[in-house]
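These notes concern the structure reproduced below.
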Amino acid sequence: MKLLITGGAGFIGSNFIRHILSSHPDYGVVNLDNLTYAGNLENLKDIETSPGYTFIKGDICDRKALEKIEFDTIVNFAAESHVDRSILDAQPFLRTNILGTYALLETAKKRECLFLHVSTDEVYGSTEKGFFKEDSLLQPNSPYAASKASADMLVRSYIETHKIKAIITRCSNNYGPYQFPEKLIPLVILNAMNKKPIPVYGDGMQVRDWIYVVDHCKAIDAILHSGIPGEIYNIGARNEEKNIETIKFILNKTAEKLNISEKELTGLITFVKDRSGHDRRYAIDPSKIEQEPGWKPEINFDEGITRTIEWYISNKTWWQRIISGEYKQYYEAQYGERLKT
Ligand code: NAD
Ligand code: DAU
Numbered sequence: 016m017k018l019l020i021t022g023g024a025g026f027i028g029s030n031f032i033r034h035i036l037s038s039h040p041d042y043g044v045v046n047l048d049n050l051t052y053a054g055n056l057e058n059l060k061d062i063e064t065s066p067g068y069t070f071i072k073g074d075i076c077d078r079k080a081l082e083k084i085e086f087d088t089i090v091n092f093a094a095e096s097h098v099d100r101s102i103l104d105a106q107p108f109l110r111t112n113i114l115g116t117y118a119l120l121e122t123a124k125k126r127e128c129l130f131l132h133v134s135t136d137e138v139y140g141s142t143e144k145g146f147f148k149e150d151s152l153l154q155p156n157s158p159y160a161a162s163k164a165s166a167d168m169l170v171r172s173y174i175e176t177h178k179i180k181a182i183i184t185r186c187s188n189n190y191g192p193y194q195f196p197e198k199l200i201p202l203v204i205l206n207a208m209n210k211k212p213i214p215v216y217g218d219g220m221q222v223r224d225w226i227y228v229v230d231h232c233k234a235i236d237a238i239l240h241s242g243i244p245g246e247i248y249n250i251g252a253r254n255e256e257k258n259i260e261t262i263k264f265i266l267n268k269t270a271e272k273l274n275i276s277e278k279e280l281t282g283l284i285t286f287v288k289d290r291s292g293h294d295r296r297y298a299i300d301p302s303k304i305e306q307e308p309g310w311k312p313e314i315n316f317d318e319g320i321t322r323t324i325e326w327y328i329s330n331k332t333w334w335q336r337i338i339s340g341e342y343k344q345y346y347e348a349q350y351g352e353r354l355k356t
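Under our numbering, the first residue of the sequence shown is numbered 16, with each subsequent residue one higher.
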């Protein structure tokens, strides 16, 4: 296979490229990424000279640039991915997540190639009870989720109208190495390491289903090879937890790793004003992918969190560069006032 992987310099995309190059060393990989604040070539430092790997700095909205690239399959990770940023300014989300997907769909139509579109469980919205299946109603609540749901609808329309070979995946919350520290789990680890307040939105009773990023990558690999074009696959770890419990668990593990007092770290927990439109619970039913192609997660939460904390402890230079740059301004704008209360 010659894969065009978009957004490969981000969190999941870089883990996916690493996974593909080690499990399919004969594959070609072109990583197309326009390096937004979330795109970081340091995520790929250890594999940048691998045979078969090429990086192109470019925008998925740029159809002319897409035309020049050689590939036989597209895996689309490129997106604006952070809910809080979509509340501050939705425009980049509409551009990349909708128009970018449209440009890729046009390219897939022309090339008659397989298009695997990486979507999210957020498109289903929130539910207090039960689990969303692949044919559940889409009820996105944030501008981010609405932009992803719009892209899913476009993919569906190209399958129906233009008969393109496309697959949609909808995964739950990922965590693991190289995650940008605006997301809950790396934020908690780094704020604990730096003894900074840990912001808990609202009452902290919101529920997420956490999956280790490499398990998500393996699921996409399985679908890429054995998934059925035209189908949608939920990907989840059946690992639901309330945010406040997740945070306490991470603090307990971080205290153990750093040999510091757990009480000191839990003292950093600070309840702040809730996120607008905050989804109470994401819950998907992953039975379809578990049955066929037969994927199941391999890393439990305890093991995954331990690996993740160890990674952030051993990769200080990686995150120090991030927290001293553009992210610092965002963090101050986002939390400066809220943390004073
Ligand atoms: P991320 O924000 O870490 O990475 C996104 C990458 O896309 C960055 O490298 C960025 O530079 C690139 N990008 C953005 N706009 C682009 C454009 N116009 N052209 C080319 N590249 C562009 O995101 P992530 O957490 O790795 O998520 C990857 C995908 O997985 C997204 O589509 C997201 O919706 C989906 N997803 C994420 C999660 C999660 O928990 N993080 C869960 C389910 C699905
Ligand atoms: O479910 C999949 C989605 O998971 C992906 O599509 C998104 O790209 C990804 O960002 C993630 O969305 P969430 O909004 O669930 O993730 P986030 O890490 O931002 O927040 C997780 C939960 O923690 C959520 O309920 C909000 C809460 N939270 C988050 C932050 C950053 C806090 O309480 N405090 C915080 O500081």
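Quick reminder that beta carbons are idealized off the backbone N, C-alpha and C, glycines included.
Check: N258 C-beta below 8 Å from any heavy atom of ligand 2
yes
Whose CA, out of H177, I200, P196, lies closest to the CA of N188?
I200
When you measure from the CB of Y297 to every non-hydrogen atom of ligand 2, does any distance come out below 8 Å?
yes
Cβ distance (whole Å) where T88 is taken to contact A166 below 8 Å:
Between A166 and T88 the Cβ distance is about 18 Å, and since that is not below 8 Å, they are no contact.
Using only the alpha-carbon positions, how far apart do R33 and I182 sit?
22 Å
Are there any heavy atoms of ligand 2 lying less than 8 Å away from the beta-carbon of Q221, as far as the coordinates show?
yes
From A24, R185, I275, Y216, residue whose alpha carbon lies closest to that of E63
A24
Consider the C-beta atom of G54 and the heavy atoms of ligand 1; say whether any pair is separated by less than 8 Å.
yes
Hey, out of V170, S339, Q154, whose CA is closest to R296's CA?
Q154
N49 classed as buried or exposed, judged by whether at least 16 other C-beta atoms fall within 10 angstroms
buried
Within 9 Å, strictly: CB atoms of L19 and F86
yes
For Y139, which option in C186, I320, K17 has the closest C-alpha, if you only look at C-alpha atoms?
C186
Taking its Cβ as the centre, do 16 or more other Cβ atoms sit within 10 Å of D136, making it buried, or is it exposed?
buried
Rounding to the nearest angstrom, what Cα-Cα distance links T356 and F286 in this structure?
The predicted model places T356 with a pLDDT of 43, which falls under 50 and marks its position as unreliable; any figure quoted below should be read in that light. Each residue's Cα considered, the two are about 9 Å apart.
Using a Cβ-Cβ cut-off of 6 Å (strictly less than) and excluding sequence neighbours within five positions of I338, which residues of its own chain qualify?
none
Whole runs of the alpha helix (DSSP H) within the region 245-276, excluding any shorter than 4 residues:
258-273
Look at the alpha carbon of C232 and the alpha carbon of F31, and state the distance between them as a whole number of angstroms.
5 Å
Would F26 pass as a contact of N58 if the rule is Cβ separation under 9 Å?
yes
Segment limits, beta strand (DSSP E) that includes L19
17-21
Looking at the structure shown, is R100 part of a helix, part of a strand, or coil, going by DSSP?
helix
Name the DSSP bridge partner or partners of C232?
Answer by DSSP bridge pairing: none, since C232 is not bridged.
W326, enclosing alpha helix (DSSP H) - first and last residue:
316-329
Considering A181, what are the terminal residues of the beta strand (DSSP E) in which it resides?
181-186
By the three-class DSSP mapping on this structure, what secondary structure does N30 have?
helix
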